[in-house]
Amino acid sequence: MTFGFADRISRLLFLGAGLALLSGGPAAAPTIEFTDEEIARIASHGPWPPDWQGDPGNRASGNPAAIRLGQSLFFDARLSANGKLSCATCHQPRSGFQDGRLTARGLARGTRNTPGLLNVRHQRWFGWDGGHDNLWSASLRPILDPREMGGSAARSARLLNASPSLACHYREAFGKPPTADDPEFPVNLAKAIAAWQETLVSPPTPFDRFREALTDKDAAAAASYPQAARRGLRLFLGRGQCATCHAGPLFSNGEFGDIGVPFFVRPAGVDPGRQGGIKHLLASPYNLLGDHNDDATRGNAVGTRHLRPEHRNFGEFKVPTLRNLTLTAPYMHNGSLASLRDVVRHYSELDEDRLHSDGERILKPLMLSAGEIDDLVAFLETLSPPAPPQPPLPPPGALPCPARR
Amino acid sequence: MKSYAKRYPLAGRRWRQGDGWSVLLLAIVGSVAASAFAACPPTVADGAKLVKDGLQLAWRPVIGGSPIAATAIPMARHFAIEVQVCSGATPSGATLASLDATMPEHRHGMNYRPRIVAIGDGRFRAEGMMFHMSGRWQLEFEVQSAKGSSRLFDDVRVR
Chain A
1 MTFGFADRIS
11 RLLFLGAGLA
21 LLSGGPAAAP
31 TIEFTDEEIA
41 RIASHGPWPP
51 DWQGDPGNRA
61 SGNPAAIRLG
71 QSLFFDARLS
81 ANGKLSCATC
91 HQPRSGFQDG
101 RLTARGLARG
111 TRNTPGLLNV
121 RHQRWFGWDG
131 GHDNLWSASL
141 RPILDPREMG
151 GSAARSARLL
161 NASPSLACHY
171 REAFGKPPTA
181 DDPEFPVNLA
191 KAIAAWQETL
201 VSPPTPFDRF
211 REALTDKDAA
221 AAASYPQAAR
231 RGLRLFLGRG
241 QCATCHAGPL
251 FSNGEFGDIG
261 VPFFVRPAGV
271 DPGRQGGIKH
281 LLASPYNLLG
291 DHNDDATRGN
301 AVGTRHLRPE
311 HRNFGEFKVP
321 TLRNLTLTAP
331 YMHNGSLASL
341 RDVVRHYSEL
351 DEDRLHSDGE
361 RILKPLMLSA
371 GEIDDLVAFL
381 ETLSPPAPPQ
391 PPLPPPGALP
401 CPARR
Chain B
406 MKSYAKRYPL
416 AGRRWRQGDG
426 WSVLLLAIVG
436 SVAASAFAAC
446 PPTVADGAKL
456 VKDGLQLAWR
466 PVIGGSPIAA
476 TAIPMARHFA
486 IEVQVCSGAT
496 PSGATLASLD
506 ATMPEHRHGM
516 NYRPRIVAIG
526 DGRFRAEGMM
536 FHMSGRWQLE
546 FEVQSAKGSS
556 RLFDDVRVR
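Heads up: the sequence lines are chains A and B, in that order. Position 110 of the first sequence, counting from 1, maps to 110 under the working numbering, and the rest follow consecutively. Each number in the working numbering comes from the position in the second sequence (counting from 1) with 405 added on.
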């Protein structure tokens with residue numbers, strides 16, 4: 001029951017108001033109190049971090065040698081065709097594994113904003129269009145894509161065989177030497193990189209501490225959460241209806257939506273979003289219905305097996321997590337919104353004419369006041385850690401092998 | 406090749422006193438076993454009950470093989486729904502032709518297409534369900550029986 005907590009807060013407020021009157025000073029701004037219903041909804045956005053669960057589709061998940069190999073490969077530009085691009089070129093640790101650009105730049109200029117990788121292991125679909133149903137498949141594509149890193153199995157095998165440390169990690173992780181003609185080889189590399197990315201979990205935030213204080217009924221601990229953020233949180237849960245999609249500990253339902261962000265791409269073309277993602281996913285030999293899924297039960301392939309393509313998928317993009325937003329500007333699938341204030345304004349002034357006629361009907365312009373925009377931004381900022389997480393940056397090749405366990 | 410007498414031991418045998426009790430006992434045991442397996446009419450444990458066109462339909466959500474309350478369906482997580490169709494105290498012989506869910510206020514449905522599996526004795530399981538948004542979801546069960554097609558509806562609120 002949260003009644004006792006709310007009651008205590010009320011009494012404290014009453015006492016505070018009385019003291020203010022006695023002292024003759026100005027009355028403090030009223031503290032935002034949350035109802036039991038609101039507290040239950042706030043509680044649904046945690047706890048953070050979630051418990052560790054390995055990826056059943058990735059035999060390298062949680063394997064120390066694979067994690068070490070994956071970490072080394074992530075930062076190694078020799079995987080790319082020009083020897084200058086690594087995964088970390090776009091996924092930069094100091095920026096929440098994003099690059100700060102509007103759209104990605106590999107060997108060619110991309111059309112989508114680079115997604116951050118913190119907490120990536122908790123996603124169901126990968127990429128803005130969900131063109132991948134697993135992290136290792138999503139990690140393999142940019143390495144091989146001629147517009148991104150332009151690598152190949154042969155180039156990767158040469159790299160590993162020229163490096164005793166990398167080859168050693170590979171043998172430890174997969175029980176065989178790296179060879180380009182092994183059809184599992186590129187998949188294994190991607191599984192190692194995925195295993196490392198699974199370790200990228202962001203620390204608790206001011207919101208997480210507030211949530212914990214609420215659920216623990218600790219009024220003193222809850223008191224440090226800013227009033228503006230509380231007002232923003234109430235808007236987020238209530239009139240804004242943001243939590244309808246930005247749900248759960250990740251602040252995302254992991255699905256897709258069209259929120260009126262243009263899908264035209266230069267020089268002339270459109271980004272079909274989820275519609276294209278589903279086509280790509282179902283055609284991919286690396287999806288969870290295929291032979292490379294290490295979960296023999298295929299219990300992890302429920303989403304892929306039951307996918308229902310719809311007309312409305314055109315122009316839908318993934319509902320992004322709201323954690324670590326302060327690290328990952330600019331925003332939206334095309335990086336078209338520079339700041340969190342711009343994002344909130346977008347929802348405040350939503351262009352209904354741009355939305356799909358058969359799309360989501362609850363999307364309406366929120367018509368927020370300037371103060372309400374400030375409050376929502378204040379709340380969103382509390383979903384990021386006060387200081388960026390420490391980047392895990394041992395130099396490539398410096399990791400010991402055999403691994404010390 | 407067995408002899409005719411060994412293959413059909415009761416053939417041509419005279420009815421003996423006591424045979425009636427055996428048959429009755431077998432009938433009772435068979436009936437109890439059948440009704441326990443079929444579990445018609447549905448009980449509270451079978452979930453929410455809907456009635457239409459002489460059919461009783463009970464449904465309950467299942468996650469990881471365990472039934473959960475309809476009010477506890479988690480948002481944005483795959484689950485299954487087990488459905489039982491009865492006609493009074495016996496399985497109806499009707500089949501669950503389809504099960505779907507929509508959000509009427511949002512004017513869209515699920516992102517996933519459930520697959521119906523018959524699991525015996527008037528029971529079915531719809532696999533691959535997911536409610537990806539909070540709010541009111543309306544379930545639509547289409548049941549095909551000898552009388553034709555019946556559509557039954559129920560509401561679920563996901564938080």
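Even glycine gets a Cβ: it sits at the ideal position worked out from N, Cα and C. Source: prediction; values computed, not measured.
If you follow the beta strand (DSSP E) that residue i is in, where does it begin and where does it stop?
{"i": "residue 542(B)", "result": "540-550"}
{"i": "residue 467(B)", "result": "460-468"}
{"i": "residue 487(B)", "result": "484-492"}
{"i": "residue 521(B)", "result": "520-525"}
{"i": "residue 457(B)", "result": "453-457"}
Using beta carbons (cut-off 9 Å, strictly below), is residue i in contact with chain B?
{"i": "residue 44(A)", "result": "yes"}
{"i": "residue 256(A)", "result": "yes"}
{"i": "residue 40(A)", "result": "yes"}
{"i": "residue 244(A)", "result": "yes"}
{"i": "residue 362(A)", "result": "yes"}
{"i": "residue 73(A)", "result": "no"}
{"i": "residue 359(A)", "result": "yes"}
{"i": "residue 302(A)", "result": "yes"}
The alpha helix (DSSP H) that contains residue i, what's its start and end?
{"i": "residue 136(A)", "result": "135-144"}
{"i": "residue 227(A)", "result": "227-237"}
{"i": "residue 371(A)", "result": "370-381"}
{"i": "residue 531(B)", "result": "Residue 531(B) -> not in any alpha helix (DSSP H); beta strand (DSSP E) instead, spanning 528-534."}
{"i": "residue 300(A)", "result": "Residue 300(A) -> no alpha helix (DSSP H), and no H or E assigned at all."}
Suppose the cutoff is 8 Å on Cβ atoms and the five residues either side in sequence are ignored; what does the same chain contact list for residue i look like?
{"i": "residue 498(B)", "result": "492, 527, 550, 551"}
{"i": "residue 84(A)", "result": "77"}
Checking contacts by CB at 9 Å: is residue i closer than that to chain A?
{"i": "residue 506(B)", "result": "no"}
{"i": "residue 539(B)", "result": "yes"}
{"i": "residue 472(B)", "result": "no"}
{"i": "residue 495(B)", "result": "no"}
{"i": "residue 553(B)", "result": "no"}
{"i": "residue 487(B)", "result": "no"}
{"i": "residue 466(B)", "result": "no"}
{"i": "residue 481(B)", "result": "yes"}
{"i": "residue 547(B)", "result": "no"}
{"i": "residue 446(B)", "result": "no"}
{"i": "residue 562(B)", "result": "no"}
{"i": "residue 443(B)", "result": "Here the model assigns residue 443(B) a pLDDT of 46, short of 50, so the residue's position is not dependable, and the following value carries that caveat. No, because no Cβ of chain A sits closer than 9 Å to the Cβ of residue 443(B)."}
{"i": "residue 527(B)", "result": "no"}
{"i": "residue 530(B)", "result": "no"}
To which residues of the same chain is residue i closer than 6 Å at the C-beta, ignoring the five residues directly before and after it?
{"i": "residue 282(A)", "result": "none"}
{"i": "residue 437(B)", "result": "Only weak support exists for where residue 437(B) lies, its pLDDT of 41 falling under 50; the coordinates are left without a value."}
{"i": "residue 114(A)", "result": "90, 98, 99, 104"}
{"i": "residue 509(B)", "result": "543"}
{"i": "residue 272(A)", "result": "314"}
{"i": "residue 139(A)", "result": "190, 193, 194"}
{"i": "residue 376(A)", "result": "232, 235, 344"}
Using 9 Å as the threshold, is the C-beta distance between residue i and residue j below it?
{"i": "residue 174(A)", "j": "residue 66(A)", "result": "yes"}
{"i": "residue 466(B)", "j": "residue 444(B)", "result": "no"}
{"i": "residue 245(A)", "j": "residue 257(A)", "result": "yes"}
{"i": "residue 334(A)", "j": "residue 267(A)", "result": "no"}
{"i": "residue 538(B)", "j": "residue 255(A)", "result": "yes"}
{"i": "residue 292(A)", "j": "residue 137(A)", "result": "yes"}
{"i": "residue 288(A)", "j": "residue 134(A)", "result": "yes"}
{"i": "residue 312(A)", "j": "residue 276(A)", "result": "no"}
{"i": "residue 112(A)", "j": "residue 294(A)", "result": "no"}
{"i": "residue 547(B)", "j": "residue 524(B)", "result": "no"}
{"i": "residue 203(A)", "j": "residue 252(A)", "result": "no"}
What residues in its chain sit with their C-beta under 7 Å from that of residue i, if we drop five residues either side in the sequence?
{"i": "residue 348(A)", "result": "365, 366, 367, 368, 373"}
{"i": "residue 346(A)", "result": "337"}
{"i": "residue 69(A)", "result": "166, 169, 170, 173, 192"}
{"i": "residue 458(B)", "result": "552, 555"}
{"i": "residue 15(A)", "result": "Caution applies to residue 15(A), whose pLDDT of 37 falls short of 50 and renders its modelled position unreliable; the value that the coordinates give is listed next. Closer than 7 Å at Cβ, skipping near neighbours: no residue."}
{"i": "residue 178(A)", "result": "157, 160, 161, 167, 170, 185"}
What does DSSP give as the partner residue(s) for residue i in the beta ladder?
{"i": "residue 500(B)", "result": "549(B)"}
{"i": "residue 561(B)", "result": "542(B)"}
{"i": "residue 337(A)", "result": "331(A)"}
{"i": "residue 472(B)", "result": "467(B)"}
{"i": "residue 316(A)", "result": "273(A)"}
{"i": "residue 38(A)", "result": "Note: residue 38(A) sits in no beta bridge, so no partner."}
{"i": "residue 569(B)", "result": "The structure shown does not extend to residue 569(B), since chain B is modelled only from 406 through 564, so no value can be given for it."}
{"i": "residue 495(B)", "result": "492(B)"}
{"i": "residue 307(A)", "result": "517(B)"}
Any beta-carbon of chain E closer than 9 Å to the one on residue i?
{"i": "residue 452(B)", "result": "In the structure shown, chain E does not exist; the protein chains are A and B."}
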